[in-house]
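Number of protein chains: 2
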Amino acid sequence: MNGYTVYKTQVNPKSVSLNDRIIRVGWDNGEQSDYHFLWLRDNCHCDECVTSLSKEQVFEICDVPFDIKPLSVELSKDNMINIIWDYKSHKSSYHPAWLKQHCYSQEAREKRNLKYKIWDKKLIEKSLPLYEYQDVMNKDEILLSWLYDLRDYGISKIVNVKNKLNEVQKVAQRISFIRETNFGIVFDVISKKSANSAAYTNLKLPLHTDLPTRELQPGLQFLHCLVNDASGGESILVDGFKIAEYMREKHKDEYKALSTLPMSFYNKDKNSDYRFVSPMIISNDKDEIVEIRMANFLRGPIDIDGKDMESFYNAYRLFILLTRDEKFQFYHRLNQGDLIVFDNRRILHARNSFDLKEGERHLQGCYVDKDELLSKIRILEREII
Amino acid sequence: MNGYTVYKTQVNPKSVSLNDRIIRVGWDNGEQSDYHFLWLRDNCHCDECVTSLSKEQVFEICDVPFDIKPLSVELSKDNMINIIWDYKSHKSSYHPAWLKQHCYSQEAREKRNLKYKIWDKKLIEKSLPLYEYQDVMNKDEILLSWLYDLRDYGISKIVNVKNKLNEVQKVAQRISFIRETNFGIVFDVISKKSANSAAYTNLKLPLHTDLPTRELQPGLQFLHCLVNDASGGESILVDGFKIAEYMREKHKDEYKALSTLPMSFYNKDKNSDYRFVSPMIISNDKDEIVEIRMANFLRGPIDIDGKDMESFYNAYRLFILLTRDEKFQFYHRLNQGDLIVFDNRRILHARNSFDLKEGERHLQGCYVDKDELLSKIRILEREII
Numbered sequence: 001m002n003g004y005t006v007y008k009t010q011v012n013p014k015s016v017s018l019n020d021r022i023i024r025v026g027w028d029n030g031e032q033s034d035y036h037f038l039w040l041r042d043n044c045h046c047d048e049c050v051t052s053l054s055k056e057q058v059f060e061i062c063d064v065p066f067d068i069k070p071l072s073v074e075l076s077k078d079n080m081i082n083i084i085w086d087y088k089s090h091k092s093s094y095h096p097a098w099l100k101q102h103c104y105s106q107e108a109r110e111k112r113n114l115k116y117k118i119w120d121k122k123l124i125e126k127s128l129p130l131y132e133y134q135d136v137m138n139k140d141e142i143l144l145s146w147l148y149d150l151r152d153y154g155i156s157k158i159v160n161v162k163n164k165l166n167e168v169q170k171v172a173q174r175i176s177f178i179r180e181t182n183f184g185i186v187f188d189v190i191s192k193k194s195a196n197s198a199a200y201t202n203l204k205l206p207l208h209t210d211l212p213t214r215e216l217q218p219g220l221q222f223l224h225c226l227v228n229d230a231s232g233g234e235s236i237l238v239d240g241f242k243i244a245e246y247m248r249e250k251h252k253d254e255y256k257a258l259s260t261l262p263m264s265f266y267n268k269d270k271n272s273d274y275r276f277v278s279p280m281i282i283s284n285d286k287d288e289i290v291e292i293r294m295a296n297f298l299r300g301p302i303d304i305d306g307k308d309m310e311s312f313y314n315a316y317r318l319f320i321l322l323t324r325d326e327k328f329q330f331y332h333r334l335n336q337g338d339l340i341v342f343d344n345r346r347i348l349h350a351r352n353s354f355d356l357k358e359g360e361r362h363l364q365g366c367y368v369d370k371d372e373l374l375s376k377i378r379i380l381e382r383e384i385i
Numbered sequence: 001m002n003g004y005t006v007y008k009t010q011v012n013p014k015s016v017s018l019n020d021r022i023i024r025v026g027w028d029n030g031e032q033s034d035y036h037f038l039w040l041r042d043n044c045h046c047d048e049c050v051t052s053l054s055k056e057q058v059f060e061i062c063d064v065p066f067d068i069k070p071l072s073v074e075l076s077k078d079n080m081i082n083i084i085w086d087y088k089s090h091k092s093s094y095h096p097a098w099l100k101q102h103c104y105s106q107e108a109r110e111k112r113n114l115k116y117k118i119w120d121k122k123l124i125e126k127s128l129p130l131y132e133y134q135d136v137m138n139k140d141e142i143l144l145s146w147l148y149d150l151r152d153y154g155i156s157k158i159v160n161v162k163n164k165l166n167e168v169q170k171v172a173q174r175i176s177f178i179r180e181t182n183f184g185i186v187f188d189v190i191s192k193k194s195a196n197s198a199a200y201t202n203l204k205l206p207l208h209t210d211l212p213t214r215e216l217q218p219g220l221q222f223l224h225c226l227v228n229d230a231s232g233g234e235s236i237l238v239d240g241f242k243i244a245e246y247m248r249e250k251h252k253d254e255y256k257a258l259s260t261l262p263m264s265f266y267n268k269d270k271n272s273d274y275r276f277v278s279p280m281i282i283s284n285d286k287d288e289i290v291e292i293r294m295a296n297f298l299r300g301p302i303d304i305d306g307k308d309m310e311s312f313y314n315a316y317r318l319f320i321l322l323t324r325d326e327k328f329q330f331y332h333r334l335n336q337g338d339l340i341v342f343d344n345r346r347i348l349h350a351r352n353s354f355d356l357k358e359g360e361r362h363l364q365g366c367y368v369d370k371d372e373l374l375s376k377i378r379i380l381e382r383e384i385i
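Which chain is which? The protein sequence lines are R and G, in order. Under full-length UniProt numbering, residues 1 to 385 are what the first sequence spells out, in order. Under full-length UniProt numbering, residues 1 to 385 are what the second sequence spells out, in order.
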């Protein structure tokens with residue numbers, strides 16, 4: 001019903017009652033849910049309100065009176081809730097599992113809220129999500145488990161990946177299409193003579209997120225190690241949410257500065273000139289940290305009120321110093337056949353400088369957006385769970 | 001200097017003075033600018049602080065003392081401002097045009113703020129930006145003018161476009177690469193038997209933005225008309241910013257509801273299940289409206305606190321009714337050879353139903369993100385202005 005998702009019935013309605021523009025459903029597990037008349041009318045699933053062609057809604061709520069109300073509400077033998085409305089005697093019918101799934105009580109909404117697994121060095125060394133290439137490529141239940149880990153830890157490693165050019169793209173396509181950028185669809189992290197990014201040199205790269213100069217930083221970053229015979233070049237990964245939470249707890253003023261004062265990010269090249277302005281720490285309306293945006297080497301001149309300049313720099317310095325603190329750092333060397341994937345809008349990554357005298361170093365990378373990760377999880381859940 | 005942009009000198013410094021951790025520059029046009037010591041040190045352009053390879057900054061501000069200060073400040077004969085710092089006697093040199101360009105006084109920041117040209121039916125019928133295909137494809141100064149119009153009006157029309165499949169992609173690539181979605185790189189708007197979107201039927205589509213189910217709605221939408229011999233199918237375009245401004249002025253409570261209460265957007269298909277939650281009207285920290293997110297046919301069940309449900313629906317109904325008001329609507333029929341481009345995060349678009357008895361109807365479309373538009377403008381400005 002309602003498109004593609006099958007809602008499994010776990011509880012059944014025992015009673016329905018009307019209560020000041022609300023239908024209250026009592027469930028047989030003792031819980032109850034309230035649904036507003038307008039919400040119910042708006043979510044009518046009938047063939048007149050939802051086109052069978054694309055399963056999209058053609059009904060628009062402004063085409064019924066604001067004070068619309070039921071003429072009758074009935075709980076059927078098969079546990080459907082059936083309503084006849086006072087306007088045009090329109091009939092709506094709701095499946096109990098669909099209703100329960102979309103209950104908007106505070107408790108139900110709280111339960112639906114995702115919780116990240118935030119980590120420091122100690123935790124991630126113990127519990128880094130580790131996957132076999134063949135499993136990720138061939139088994140959907142392993143794929144789903146990998147995607148949950150990516151969503152929750154923001155990091156994972158796949159081992160024994162086929163040592164082939166563009167294999168990274170095939171792994172990423174297990175989720176969806178690639179997010180193209182000015183660096184192409186697949187980018188080669190290799191020391192180049194005419195580098196248009198510090199990534200393409202053998203320099204040390206401090207902890208950063210990729211492309212903070214874009215309005216939407218790429219969601220997932222994939223890095224596949226094809227060869228790493230150079231000395232140095234170790235990867236360092238830090239959970240930006242952990243740093244931000246630490247600041248919120250121990251350095252309130254600095255946290256406030258970085259979560260309100262906008263940072264400038266610039267990336268100028270021969271054929272592109274990207275700029276974006278945003279606080280480094282981004283939180284939602286529930287004050288949950290949802291994104292980190294940071295790359296000192298892509299910092300543009302800070303463009304804020306002069307009176308805030310000193311507190312901005314004070315906080316910015318602290319953030320960088322915290323990223324350098326080993327207790328937050330997951331230190332790791334990528335070897336041939338390793339593929340690391342991480343949430344680029346949460347996990348900061350860095351690379352030590354390397355020396356090419358002893359051998360080559362070649363990684364390939366690509367990006368997939370977070371929309372695609374979450375969509376793929378829902379599709380697999382439809383099929384597996 | 002500082003990478004690629006050439007800063008032209010319009011004014012020259014007349015004086016420099018030190019003032020409580022700030023260097024004050026007096027310009028020969030009577031203006032003055034204040035620069036904080038930390039800001040200046042952070043923006044040192046020397047070869048030690050900025051790698052010559054990619055012109056990215058390797059210096060990190062936490063590696064100098066917080067109370068760093070100049071040992072000397074000098075205004076040179078060629079108008080450079082030269083500083084020797086008390087830490088490691090580091091030398092920094094600033095070009096006056098670069099400094100002036102990045103002055104962060106309230107006045108300078110206000111001047112840099114872009115102002116949209118908001119429109120209703122009357123205004124846009126008089127001043128729809130109209131371009132010739134050959135000019136946009138071949139002349140960079142016309143390209144730049146077209147991009148300014150897209151940025152400011154959020155809409156433009158190109159006529160006499162080559163009547164060829166995928167030509168829309170070539171026009172879009174005058175800006176940059178295409179934003180791929182689950183509908184592909186180029187999508188065909190044509191009535192299909194097994195439609196996975198109402199767009200691919202001959203149904204009326206109410207006013208909406210495309211892909212509000214994605215975290216980042218596509219920035220620019222391109223629609224190229226290859227054939228339109230069917231009757232009906234007219235396009236309607238509405239400036240969502242105008243509607244939002246109108247609500248803010250005349251219906252404060254409804255404006256507040258739609259700019260704070262999150263709307264749910266769902267798009268379920270066989271292989272994808274996209275969902276996103278966001279207020280319909282999005283404004284920045286200066287309370288400027290920056291985005292509209294709206295498609296009733298992609299609305300998911302609203303998931304907000306029960307006490308807000310009635311005021312949400314009251315405001316949502318009003319918004320839809322306002323989009324239906326002709327005084328806001330630009331009514332327009334796309335003919336063969338026309339290509340309409342609009343800011344998909346601002347301009348709502350709709351289509352009347354059409355009847356295929358009299359002929360075919362085929363549009364091709366694609367998306368380009370706003371980052372790419374703004375980057376291309378900067379690149380052309382480097383070359384032309």
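C-beta atoms are modelled at their ideal positions from N, C-alpha and C, and glycine is treated no differently. Since the structure is predicted, the reported quantities are computational estimates derived from the model, not experimental observations.
Spanning the alpha carbons of R:Met247 and G:Trp98 requires a straight line of approximately 34 Å. In the structure shown, R:Asp34 adopts extended strand secondary structure according to DSSP, grouped into three states. Proximity of the region 37-55 of chain R to the region 195-213 of chain G meets the contact definition, three or more beta-carbon pairs being nearer than 8 Å. The continuous alpha helix (DSSP H) containing G:Gly240 extends over residues 240-250. For G:Gly300, the closest alpha carbon among the candidates G:Ser17, G:Ser235, G:Val277 is that of G:Val277.
G:Trp146 sits in a helix when the DSSP states are folded into three classes.
R:Leu339 is positioned such that its CB atom lies no closer than 8 Å to that of R:Asn228. Three or more Cβ pairs closer than 8 Å define a contact, and the region 341-348 of chain G meets that threshold against the region 154-172 of chain G. Burial check for R:Arg112: the Cβ neighbour count within 10 Å stays below 16, so the residue is exposed.
In the assembly as shown, G:Cys103 is a buried residue. Its beta-carbon has 16 or more other beta-carbons within 10 Å. If you draw a straight line from the Cα of R:Ile175 to the Cα of R:Ile236, it comes to about 25 Å.
DSSP places R:Val11 in the coil class of the three-state scheme, outside both helix and strand. Against G:Arg214, the close residues of chain R are Asp371, in the order they occur along the chain (beta-carbon pairs closer than 7 Å). The beta carbon of R:His251 is closer than 7 Å to those of Leu318 in its chain, skipping five residues each way along the sequence. Pairing G:Ile304 with R:Lys115, the inter-Cα distance amounts to about 19 Å.
When Cβ pairs closer than 8 Å are counted between the two stretches, the region 357-371 of chain G is seen to touch the region 175-187 of chain G, the count reaching three or more.
Contact annotation: R:Leu40 and R:Ile83 have beta-carbon atoms nearer than 8 Å.
A Cβ-Cβ distance of about 6 Å is found for the pair G:Asp308 and G:Leu261, placing them in contact under the 8 Å criterion. With its beta carbon less than 8 Å from one in chain R, G:Pro301 belongs to the interface. The C-beta of G:Pro206 comes closer than 8 Å to at least one C-beta of chain R. Residue burial is scored here from C-beta neighbours: G:Asn182 has at least 16 other C-beta atoms within 10 angstroms and is therefore classed as buried. Annotation: the continuous beta strand (DSSP E) that includes G:Tyr274 extends over 273-278. Here G:Leu321 is near R:Cys62, since their CB atoms are less than 8 Å apart. With contact defined as three or more Cβ pairs closer than 8 Å, the region 322-332 of chain R and the region 281-289 of chain R are not in contact. Between G:Glu215 and R:Lys270, the beta carbon gap of about 30 Å keeps them out of contact (Cβ cut-off 8 Å). Within chain G, Tyr104, Arg109 have C-beta atoms less than 9 Å from the C-beta of R:Ile304, given in sequence order. Contact with chain G is found for R:Glu180, since one of that chain's Cβ atoms lies less than 8 Å from the residue's Cβ. Check the Cα spacing between R:Lys256 and each of R:Ala230, R:Phe265, R:Ser283: the tightest is with R:Ser283.
In this structure, the alpha-carbon of R:Ser272 lies about 8 Å from that of G:Arg378. If you draw a straight line from the Cα of R:Ile347 to the Cα of R:Asp47, it is about 46 Å long. Counting only unbroken stretches of 4 or more residues, no alpha helix (DSSP H) element lies wholly within the region 325-358 of chain G. Contacts with chain R at 8 Å (Cβ-Cβ) include G:Ile320.
For G:Leu220, the closest of G:Gln169, G:Asn267, G:Leu75, G:Ala244 by C-alpha to C-alpha distance is G:Gln169. In the three-state reduction of the DSSP assignment, R:Asp305 falls in the coil class. Ranked by Cα distance from R:Tyr87, the options R:Arg21, R:Val64, R:Leu128, R:Val16 are led by R:Val64. Counting only Cβ-Cβ distances below 7 Å, R:Arg378 has contacts in chain G at Asp273, in chain order.
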